[in-house]
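In what follows, a single structure is set out as structure tokens and then discussed.
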Amino acid sequence: AQSVTQLGSHVSVSEGALVLLRCNYSSSVPPYLFWYVQYPNQGLQLLLKYTTGATLVKGINGFEAEFKKSETSFHLTKPSAHMSDAAEYFCAVYPPSGNTPLVFGKGTRLSVIA
Amino acid sequence: NAGVTQTPKFRVLKTGQSMTLLCAQDMNHEYMYWYRQDPGMGLRLIHYSVGEGTTAKGEVPDGYNVSRLKKQNFLLGLESAAPSQTSVYFCASSPTSAHTGELFFGEGSRLTVL
């Protein structure tokens, strides 16, 4: 079964610092991978996704993630944190074969300190 | 632009009571999903539907029933509510299977069972 592990349930960074949120997946074949963001009292929205092709994926709000097959990772980064980035971030995986829906990680809450 | 609309947004139930959560989408999406979100648990799939008249079980289906009589609506029912069902429930939809498209989420329905 596909699964994702997000390392760190809570990450705190200073405004302007690098944001790094970690996600590792378990899969026998390269899956499709997603990052979603949830702002307080809202539903989730897609940040970026990797399906095929270029392994460095750029998303909204200056975020990007790199698919590394050798490390089974899909870490999310942003060079400079902004106060508005404070939210909960979810990594999700979908197997390229089969019809099971997205499987989400447990989430990482990002706090940005002024 | 309504997108995915959930009603009600808040509800308090007593143990044993029943209720139905309604999800409506106006994007003509085929796939619809019900997730629950609990602290430290991320999002867990309850039930989903791949088209009008179809439903399937997700990761945590016990205690819930669903129906998809119309393409635009996906109902989640609790026949006899239990305190363990206190949670925030999210409905989502996608145009095709989730691996190619993104999921579009509603704003959530917060349910408390006393």
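As you go down the protein sequences, you meet chains Z and R in turn.
FYI, in this note's numbering the residues of the first sequence are 123 to 236.
FYI, in this note's numbering the residues of the second sequence are 504 to 617.
Beta carbons are placed, not taken as given, at the ideal position from N, Cα and C, and that holds for glycine.
Original post:
So is Thr230(Z) buried or exposed if we call it buried at 16+ other beta carbons inside 10 Å?
Top reply: The residue you call residue 230(Z) lines up with position 108 of the first sequence. The residue in question, Thr230(Z), is buried, as its Cβ has 16 or more Cβ neighbours within 10 Å.
**OP:** Go ahead and label Met205(Z) buried or exposed: buried means 16 or more other beta carbons lie within 10 angstroms of its beta carbon, across all protein chains shown.
**Re:** Here the question's residue 205(Z) lines up with position 83 in the first sequence. The residue in question, Met205(Z), is exposed, as its Cβ has fewer than 16 Cβ neighbours within 10 Å.
Original post:
Which residues of chain Z have a Cβ atom closer than 7 angstroms to the Cβ of Tyr536(R), listed in chain order?
Top reply: Here residue 536(R) refers to the residue found at position 33 when the second sequence is read from its first residue. Taking a Cβ-Cβ cut-off of 7 angstroms, the neighbours of Tyr536(R) in chain Z comprise Pro223, given in sequence order.
Subject >> Whole-Å CB distance - Tyr551(R) paired with Gly561(R), under 8 angstroms assumed >> reply: Translated into positions along the second sequence, residue 551(R) becomes position 48. Translated into positions along the second sequence, residue 561(R) becomes position 58. Right, the Cβ-Cβ distance comes to about 6 angstroms (below 8 angstroms), so this counts as a contact.
**OP:** Give the interface partners of Tyr551(R) over in chain Z, defined as CB-CB distance under 8 angstroms, in chain order.
**Re:** The residue you call residue 551(R) lines up with position 48 of the second sequence. Per Cβ cutoff of 8 angstroms: Pro223.
Original post:
Of all Cβ atoms in chain R, is any one closer than 9 angstroms to the Cβ of Lys171(Z)?
Top reply: Within the first sequence, numbered from 1, the residue matching residue 171(Z) stands at position 49. Answer yes: the Cβ-Cβ gap between Lys171(Z) and chain R drops below 9 angstroms somewhere.
Subject >> Contacts of Phe593(R) in chain Z (Cβ-Cβ under 8 angstroms) >> reply: As a working mapping, residue 593(R) is identified with position 90 in the second sequence. Within chain Z, the residues placing a beta-carbon under 8 angstroms from that of Phe593(R) are Gly165, Leu166, ordered along the chain.
Subject >> Short-range partners of chain R found in the segment 177 to 197 of chain Z, where Cβ spacing is below 7 angstroms >> reply: Listed by position along the chain: nothing, the set is empty.
Original post:
Just the Cα atoms here: how many angstroms apart are Phe212(Z) and Asn568(R)?
Top reply: The residue labelled residue 212(Z) in the question sits at position 90 within the first sequence. The residue labelled residue 568(R) in the question sits at position 65 within the second sequence. Pairing Phe212(Z) with Asn568(R), the inter-Cα distance amounts to about 26 angstroms.
Subject >> Endpoints, beta strand (DSSP E) assigned at Thr615(R) >> reply: Working through the second sequence from its first residue, we reach residue 615(R) at position 112. It spans 612 to 616 - the beta strand (DSSP E) in which Thr615(R) sits, taken as one unbroken run.
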